[in-house]
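Heads up, the thing below is written out as structure tokens.
There are 2 protein chains.
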Amino acid sequence: MLSVSPQERAARLEGLVSPDVVEDTDAVAHHYAHAAWSCLTEPGDGVAGALIAEMGVVDALETALGSGGRTTPALEAGRKRWQARVETIEDAFDRAKRAGARLIVPGSPEWPQRVDDLGVHAPRALWARGDLEALSRDRALALVGARAATGYGEHVTGELATHLARRGVTIVSGGAYGIDGMAHRGCLATGGTTVAALAGGVDRAYPAGHADLLGRIAQGPGVVIAEVPCGTPPTKWRFLQRNRLIAALSDATVVVEAGWRSGSLNTAGHASALGRPLGAVPGPVTSAASAGCHRLLREYDARCVTSADDACELLGTLGDERPTPTDRTDDRTRVLDALSARSPRSPDDLARRAGIAPDEVRGLLAMLELDGRVRRGSDGWRRVTSSS
Amino acid sequence: MLSVSPQERAARLEGLVSPDVVEDTDAVAHHYAHAAWSCLTEPGDGVAGALIAEMGVVDALETALGSGGRTTPALEAGRKRWQARVETIEDAFDRAKRAGARLIVPGSPEWPQRVDDLGVHAPRALWARGDLEALSRDRALALVGARAATGYGEHVTGELATHLARRGVTIVSGGAYGIDGMAHRGCLATGGTTVAALAGGVDRAYPAGHADLLGRIAQGPGVVIAEVPCGTPPTKWRFLQRNRLIAALSDATVVVEAGWRSGSLNTAGHASALGRPLGAVPGPVTSAASAGCHRLLREYDARCVTSADDACELLGTLGDERPTPTDRTDDRTRVLDALSARSPRSPDDLARRAGIAPDEVRGLLAMLELDGRVRRGSDGWRRVTSSS
Numbered sequence: 003m004l005s006v007s008p009q010e011r012a013a014r015l016e017g018l019v020s021p022d023v024v025e026d027t028d029a030v031a032h033h034y035a036h037a038a039w040s041c042l043t044e045p046g047d048g049v050a051g052a053l054i055a056e057m058g059v060v061d062a063l064e065t066a067l068g069s070g071g072r073t074t075p076a077l078e079a080g081r082k083r084w085q086a087r088v089e090t091i092e093d094a095f096d097r098a099k100r101a102g103a104r105l106i107v108p109g110s111p112e113w114p115q116r117v118d119d120l121g122v123h124a125p126r127a128l129w130a131r132g133d134l135e136a137l138s139r140d141r142a143l144a145l146v147g148a149r150a151a152t153g154y155g156e157h158v159t160g161e162l163a164t165h166l167a168r169r170g171v172t173i174v175s176g177g178a179y180g181i182d183g184m185a186h187r188g189c190l191a192t193g194g195t196t197v198a199a200l201a202g203g204v205d206r207a208y209p210a211g212h213a214d215l216l217g218r219i220a221q222g223p224g225v226v227i228a229e230v231p232c233g234t235p236p237t238k239w240r241f242l243q244r245n246r247l248i249a250a251l252s253d254a255t256v257v258v259e260a261g262w263r264s265g266s267l268n269t270a271g272h273a274s275a276l277g278r279p280l281g282a283v284p285g286p287v288t289s290a291a292s293a294g295c296h297r298l299l300r301e302y303d304a305r306c307v308t309s310a311d312d313a314c315e316l317l318g319t320l321g322d323e324r325p326t327p328t329d330r331t332d333d334r335t336r337v338l339d340a341l342s343a344r345s346p347r348s349p350d351d352l353a354r355r356a357g358i359a360p361d362e363v364r365g366l367l368a369m370l371e372l373d374g375r376v377r378r379g380s381d382g383w384r385r386v387t388s389s390s
Numbered sequence: 003m004l005s006v007s008p009q010e011r012a013a014r015l016e017g018l019v020s021p022d023v024v025e026d027t028d029a030v031a032h033h034y035a036h037a038a039w040s041c042l043t044e045p046g047d048g049v050a051g052a053l054i055a056e057m058g059v060v061d062a063l064e065t066a067l068g069s070g071g072r073t074t075p076a077l078e079a080g081r082k083r084w085q086a087r088v089e090t091i092e093d094a095f096d097r098a099k100r101a102g103a104r105l106i107v108p109g110s111p112e113w114p115q116r117v118d119d120l121g122v123h124a125p126r127a128l129w130a131r132g133d134l135e136a137l138s139r140d141r142a143l144a145l146v147g148a149r150a151a152t153g154y155g156e157h158v159t160g161e162l163a164t165h166l167a168r169r170g171v172t173i174v175s176g177g178a179y180g181i182d183g184m185a186h187r188g189c190l191a192t193g194g195t196t197v198a199a200l201a202g203g204v205d206r207a208y209p210a211g212h213a214d215l216l217g218r219i220a221q222g223p224g225v226v227i228a229e230v231p232c233g234t235p236p237t238k239w240r241f242l243q244r245n246r247l248i249a250a251l252s253d254a255t256v257v258v259e260a261g262w263r264s265g266s267l268n269t270a271g272h273a274s275a276l277g278r279p280l281g282a283v284p285g286p287v288t289s290a291a292s293a294g295c296h297r298l299l300r301e302y303d304a305r306c307v308t309s310a311d312d313a314c315e316l317l318g319t320l321g322d323e324r325p326t327p328t329d330r331t332d333d334r335t336r337v338l339d340a341l342s343a344r345s346p347r348s349p350d351d352l353a354r355r356a357g358i359a360p361d362e363v364r365g366l367l368a369m370l371e372l373d374g375r376v377r378r379g380s381d382g383w384r385r386v387t388s389s390s
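One line per chain: the protein sequences are A and B, in this order.
Be aware that the first sequence starts at 3, since it is given in the numbering used here, and climbs by one per residue.
Be aware that the second sequence starts at 3, since it is given in the numbering used here, and climbs by one per residue.
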């Protein structure tokens with residue numbers, strides 16, 4: 003167990019949360035536990051999410067750091083990986099204070115409720131530099147794309163970001179070189195609100211060449227956020243999970259320019275999985291840099307976005323008959339269940355096994371492929387295991 | 003009424019239809035009536051279409067040119083406009099003969115049954131120069147777009163037409179400058195079959211600058227057609243109706259490059275109305291020349307087409323498994339015969355030896371290269387022997 007007294011916990015939180023939190027014992031326990039969980043877990047740890055959903059965040063933390071009791075193999079495996087990181091918690095608070103970061107947890111007034119659609123995979127906490135209110139504004143649009151952008155892609159991104167910002171749309175992106183950077187810059191240029199979601203801690207600029215840009219965003223009215231604590235370096239996994247966070251923070255996602263295998267297609271896949279509108283900006287069919295966008299138009303039913311008007315339309319379709327995330331998730335799970343990691347299976351076979359219409363199965367497979375959960379072979383589909 | 007005897011009608015048809023038609027009194031009446039109707043009506047005259055559907059084409063013509071009987075306001079109005087054109091019929095036959103055109107009517111073996119989906123708005127007859135069989139081949143794709151095309155649009159059109167023609171797809175277009183012209187040329191360059199549907203009579207090249215191109219198409223294996231008789235100038239209305247004909251002659255329609263108000267969107271609209279698959283090639287969103295294509299993607303649910311593969315998908319199957327037409331094979335054989343395994347030869351040299359146009363030789367060489375039968379060197383082309 004953590005040998006940190008309630009008084010010590012309050013002291014750790016000081017400066018990171020609003021003063022009234024520090025004076026409320028329950029609020030201190032709640033905030034501290036969320037922050038601790040964000041240190042103990044990798045983003046998207048569904049076992050932790052399920053445990054917290056079941057027990058509440060404070061009791062779940064005690065269970066995670068204890069031993070024995072009513073346990074399961076998943077909980078035991080979780081305990082091993084979580085307890086290995088107990089030492090990192092104190093350091094995270096120190097670093098956050100030095101970086102001038104703030105802590106937001108589920109239930110805080112600043113918490114962006116959009117991310118709750120991620121269910122057990124939602125972030126445990128968000129560490130933020132800048133204007134926290136930027137996270138909960140109406141009409142947030144993710145504008146993402148490849149790092150290796152062309153002049154065309156950067157031009158279009160700048161135009162879109164500028165015009166959308168003028169209409170009060172918050173631009174969410176990943177702070178990377180190329181399209182992301184132009185999205186933030188175009189927004190800043192008109193004094194708009196922009197959110198940069200990082201794969202590593204907010205105390206370290208990644209990429210280093212964007213230290214200035216991220217600093218300007220944090221000066222407001224924008225915000226730089228991460229679900230991993232300060233001091234955490236970005237990794238491949240954290241980039242992929244950061245993409246899910248960008249999609250979840252936004253009412254709609256537009257991919258401006260992306261090659262056939264760009265990571266921004268992963269963001270698009272998350273937006274689809276969340277039932278959020280997805281758009282793609284076309285480009286010359288002779289440009290490999292737009293091949294991913296055309297793929298989204300062809301295979302993922304993305305809307306063709308050519309202007310800020312078109313992008314706004316995506317925000318307008320909110321609340322139309324979009325599928326609830328739960329339904330989708332359940333159907334995806336059923337398809338995953340029907341798949342084998344070893345024997346390739348046809349969509350028709352999977353449709354029979356899952357009890358879902360073949361057409362629907364094909365759509366779900368496409369989304370799962372985008373998420374890297376399944377793999378298409380010449381002989382059929384397989385589930386991707388964590389080891390493969 | 004028409005004061006033309008059955009013998010005179012047969013004489014008019016001579017040279018325009020197959021000899022056995024001329025010897026059959028009923029067939030003469032049927033063909034003559036259809037030809038007459040194509041002179042009396044503007045394309046798409048639904049009143050005429052309904053009358054013909056009800057009475058048969060011969061009796062409908064008598065009713066149209068007579069008076070009294072059981073009549074309606076629509077029939078009376080029709081009679082007025084049809085009877086005003088009776089004098090044009092004889093002229094149409096003369097001009098068609100001078101132009102070397104042929105007459106095809108519903109029920110003829112060469113009649114393209116696809117156009118019957120237009121119902122009462124179907125053409126009454128088709129006047130054609132070239133290979134009539136080109137009209138009824140499997141897998142016809144309309145490749146259309148703006149006259150004011152950009153280098154990008156022309157490049158993509160040429161690529162699509164070339165690759166589709168190599169797979170045995172018939173390319174249908176409107177013979178205009180810009181995208182249409184490139185579609186025909188790309189197809190011709192590989193010896194493919196192309197259909198040019200004109201808004202005016204096939205005896206007059208429109209646009210005049212495409213007289214050569216239309217002449218080459220008519221030399222076969224392609225065909226130049228119109229539903230209006232020879233001598234008819236194109237008008238705005240006839241262009242719009244010609245667009246419906248392009249859509250109706252094709253299993254699917256792809257718009258390659260088109261501005262916001264391009265006439266090719268009208269072709270696309272007809273394809274949709276006929277329930278035929280519709281595709282659009284995206285381009286830079288900064289290019290007004292692609293705005294119409296993006297509109298089709300956004301508003302008309304067109305499929306995003308980026309390659310010949312994508313276009314073939316609209317037709318239902320990929321062209322790979324399709325056997326090469328026999329006439330093609332003969333030309334290929336002639337080129338192979340003209341090649342040497344040892345001495346490299348230029349396309350012009352081969353054209354002379356094989357007695358085939360240089361452009362066609364280049365197309366055939368490209369196909370043979372694809373099959374691994376010939377090899378291109380810096381100094382010319384050689385035949386690949388089984389030992390090489």
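Even glycine gets a Cβ: it sits at the ideal position worked out from N, Cα and C.
Worksheet item: How would you list, in chain order, the residues of chain B whose beta-carbon sits under 9 angstroms from the beta-carbon of PRO279 of chain A?
Response: By one-based count along the first sequence, residue 279 of chain A stands at place 277. Residues of chain B passing the Cβ test: none, with the nearest at roughly 13 angstroms.
Worksheet item: Would you say LEU299 of chain A reaches chain B, if we count a Cβ-Cβ gap shorter than 8 angstroms as a contact?
Response: Residue 299 of chain A sits at position 297 when you count from the first residue of the first sequence. So yes, LEU299 of chain A belongs to the interface.
Worksheet item: ARG116 of chain B and LEU267 of chain B: beta carbons closer than 8 angstroms?
Response: Indexing the second sequence from 1 puts residue 116 of chain B at position 114. Indexing the second sequence from 1 puts residue 267 of chain B at position 265. No, these two residues do not count as a Cβ contact at 8 angstroms.
Discussion item. For a cutoff of 8 angstroms on Cβ pairs, would you count VAL283 of chain B as touching chain A?
Written reply: Reading the second sequence from its first residue, position 281 is the one you call residue 283 of chain B. Yes, its Cβ sits closer than 8 angstroms to a Cβ of chain A.
Practice prompt. Label ASP333 of chain A either buried or exposed according to how many other C-beta atoms from any shown protein chain fall within 10 Å of its C-beta, with 16 as the threshold for buried.
Written response: In the first sequence, counting from the first residue as 1, residue 333 of chain A sits at position 331. Burial call: buried.
Worksheet item: Whole alpha helix (DSSP H) runs in the region 137-213 of chain A with 4 or more residues, listed along the chain?
Response: 153-168 and 181-191
Worksheet item: Rounded C-beta distance between ARG126 of chain A and TRP39 of chain A? I'm assuming under 8 angstroms.
Response: To locate residue 126 of chain A, count along the first sequence from 1; it is residue 124. To locate residue 39 of chain A, count along the first sequence from 1; it is residue 37. Confirmed, about 4 angstroms.
Worksheet entry | Three or more C-beta pairs below 8 angstroms linking the region 5-16 of chain B and the region 371-389 of chain A | no
Worksheet item: By a C-beta neighbour count over all protein chains shown, 10 Å radius and 16 as the cutoff for buried, is ASP329 of chain B buried or exposed?
Response: For the purposes of this step, residue 329 of chain B is identified with residue 327 of the second sequence, where counting begins at 1. Low confidence applies to ASP329 of chain B: its pLDDT is 38, below 50, so where it sits in the model is not reliable enough to give any reading.
Item to complete: Assign VAL226 of chain B to one of three DSSP states: helix, strand, or coil.
Response: As a position in the second sequence, residue 226 of chain B is number 224, starting the count at 1. Strand, per DSSP.
Item to complete: Starting from the Cα of VAL122 of chain A, find the closest Cα among A:MET57, A:HIS296 and A:PRO235 and give me that residue.
Response: Translated into positions along the first sequence, residue 122 of chain A becomes position 120. Ranking the options by Cα distance to VAL122 of chain A, first place goes to A:MET57.
Worksheet item: Just the Cα atoms here: how many angstroms apart are TYR34 of chain B and ALA13 of chain B?
Response: Looking up residue 34 of chain B in the second sequence gives position 32. Looking up residue 13 of chain B in the second sequence gives position 11. Distance between the alpha carbons of TYR34 of chain B and ALA13 of chain B: 10 angstroms.
Worksheet entry | Supposed contact pair VAL230 of chain A and PRO21 of chain A - C-beta distance, whole angstroms, cut 8 angstroms | As a working mapping, residue 21 of chain A is identified with position 19 in the first sequence. As a working mapping, residue 230 of chain A is identified with position 228 in the first sequence. Between PRO21 of chain A and VAL230 of chain A a beta carbon distance of about 26 angstroms is seen, past the 8 angstroms cut, so the two are scored as non-contacting.
Practice prompt. Check whether the Cβ of TYR154 of chain A lies closer than 8 angstroms to any Cβ atom in chain B.
Written response: Your numbering for residue 154 of chain A matches position 152 in the first sequence. Cβ-Cβ to chain B under 8 angstroms: yes for TYR154 of chain A.
Item to complete: Note down, one range per segment and in chain order, each alpha helix (DSSP H) of at least 4 residues found wholly within the region 219-301 of chain A.
Response: 238-250, 266-275 and 293-301
Worksheet item: Assuming ALA144 of chain B and VAL283 of chain B make a contact with CB atoms under 8 angstroms, what is their CB distance in whole Å?
Response: As a position in the second sequence, residue 144 of chain B is number 142, starting the count at 1. As a position in the second sequence, residue 283 of chain B is number 281, starting the count at 1. Incorrect: roughly 13 angstroms between the Cβ atoms, too far for contact.
Worksheet item: How many whole angstroms separate the CB atoms of CYS189 of chain A and ALA163 of chain A, which I take to be in contact at a CB cut-off of 8 angstroms?
Response: In the first sequence, residue 189 of chain A corresponds to position 187, counting from 1. In the first sequence, residue 163 of chain A corresponds to position 161, counting from 1. Confirmed, about 5 angstroms.
Worksheet item: Between the C-alpha atoms of ARG206 of chain A and LEU128 of chain A, what's the straight-line distance to the nearest angstrom?
Response: Taking the first residue of the first sequence as 1, we reach residue 206 of chain A at position 204. Taking the first residue of the first sequence as 1, we reach residue 128 of chain A at position 126. Straight-line Cα distance between these residues: approximately 15 angstroms.
Worksheet item: In chain order, what residues of the same chain lie with their CB nearer than 6 angstroms to the CB of ALA254 of chain A, ignoring the 5 residues before and after it?
Response: For the purposes of this step, residue 254 of chain A is identified with residue 252 of the first sequence, where counting begins at 1. Cβ neighbours of ALA254 of chain A beyond the five flanking positions: LEU143, ARG278, PRO279, LEU316 and LEU317.
Practice prompt. Quick one: list the residues of chain B neighbouring PRO286 of chain A, beta-carbon separation under 7 angstroms, in chain order.
Written response: As a working note, residue 286 of chain A is residue 284 in the first sequence. Result: TYR154, GLY285 and PRO286.
Worksheet item: Is the shortest distance between the beta-carbon of ASP373 of chain A and the beta-carbons of chain B less than 8 angstroms?
Response: Taking the first residue of the first sequence as 1, we reach residue 373 of chain A at position 371. Under the 8 angstroms criterion on CB atoms, ASP373 of chain A is classed as non-interfacial with respect to chain B.
Worksheet item: Opposite ARG377 of chain B in the DSSP bridges: which residues?
Response: Here residue 377 of chain B refers to the residue found at position 375 when the second sequence is read from its first residue. In DSSP, ARG377 of chain B forms a bridge with B:ARG384.
Fill in: Three-way DSSP call (helix, strand, coil) for ALA318 of chain B in this model
Here the question's residue 318 of chain B lines up with position 316 in the second sequence. Reading off the sequence, residue 318 of chain B comes out as Gly, not Ala. Correct three-state label for GLY318 of chain B: coil.
Item to complete: Could you have a look at ARG131 of chain A and say whether DSSP puts it in helix, strand or coil?
Response: Here the question's residue 131 of chain A lines up with position 129 in the first sequence. Three-state DSSP puts ARG131 of chain A in a strand.
Fill in: Alpha-carbon spacing of LEU134 of chain B relative to PHE241 of chain A, whole angstroms
Within the second sequence, numbered from 1, the residue matching residue 134 of chain B stands at position 132. Within the first sequence, numbered from 1, the residue matching residue 241 of chain A stands at position 239. About 60 angstroms.
Item to complete: Could you tell me which chain B residues have their CB closer than 8 angstroms to the CB of CYS306 of chain A, listed as they occur along the chain?
Response: Walking along the first sequence from the start, residue 306 of chain A turns up at place 304. Simply PRO284, HIS296, LEU299, ARG300 and CYS306.
Worksheet item: In or out: ALA79 of chain A buried (at least 16 other Cβ within 10 Å) or exposed?
Response: Position 77 of the first sequence holds residue 79 of chain A. ALA79 of chain A should be labelled exposed.
Item to complete: From the DSSP output, in three-state form, read off ILE106 of chain B for me.
Response: Here residue 106 of chain B refers to the residue found at position 104 of the second sequence. If DSSP states are grouped into helix, strand and coil, ILE106 of chain B belongs with the strands.
Discussion item. Any beta carbon of chain A sitting closer than 8 angstroms to that of VAL257 of chain B?
Written reply: Taking the first residue of the second sequence as position 1, residue 257 of chain B is located at position 255. Judged by the 8 angstroms Cβ criterion, VAL257 of chain B is not in contact with chain A.
Worksheet item: How close, in whole Å, do the beta carbons of ALA310 of chain B and LEU166 of chain B come, if the pair is a contact with beta carbons under 8 angstroms?
Response: Residue mapping note: residue 310 of chain B aligns to position 308 of the second sequence, counting from 1. Residue mapping note: residue 166 of chain B aligns to position 164 of the second sequence, counting from 1. Contact holds; Cβ gap of about 5 angstroms.
Worksheet item: If contact means a Cβ-Cβ distance below 8 angstroms, which residues of the region 150-183 of chain A contact chain B?
Response: TYR154, HIS157 and VAL158
Worksheet entry | Reference TRP239 of chain A; option with closest CA among A:VAL146, A:GLU16, A:GLY265 and A:THR159 | On the first sequence, position 237 is the one that residue 239 of chain A refers to. If we check each option's Cα against that of TRP239 of chain A, A:GLY265 comes out closest.
Discussion item. Can you look up ARG14 of chain B in the DSSP assignment and give me helix, strand or coil?
Written reply: Along the second sequence, one-based indexing puts residue 14 of chain B at 12. ARG14 of chain B sits in a helix when the DSSP states are folded into three classes.
Worksheet item: Straight-line CA distance for VAL197 of chain A to VAL171 of chain B?
Response: On the first sequence, position 195 is the one that residue 197 of chain A refers to. On the second sequence, position 169 is the one that residue 171 of chain B refers to. If you take the alpha carbons of VAL197 of chain A and VAL171 of chain B, they lie about 50 angstroms apart.
Worksheet item: Quick one: which chain B residues come within Cβ less than 8 angstroms of ASP312 of chain A?
Response: Numbered from its first residue, the first sequence carries residue 312 of chain A at position 310. The contacting residues are ARG300.
Worksheet item: ARG305 of chain A to ARG246 of chain B, Cα distance in whole Å?
Response: Mapped onto the first sequence, residue 305 of chain A falls at position 303. Mapped onto the second sequence, residue 246 of chain B falls at position 244. Approximately 27 angstroms between the Cα atoms of the pair.
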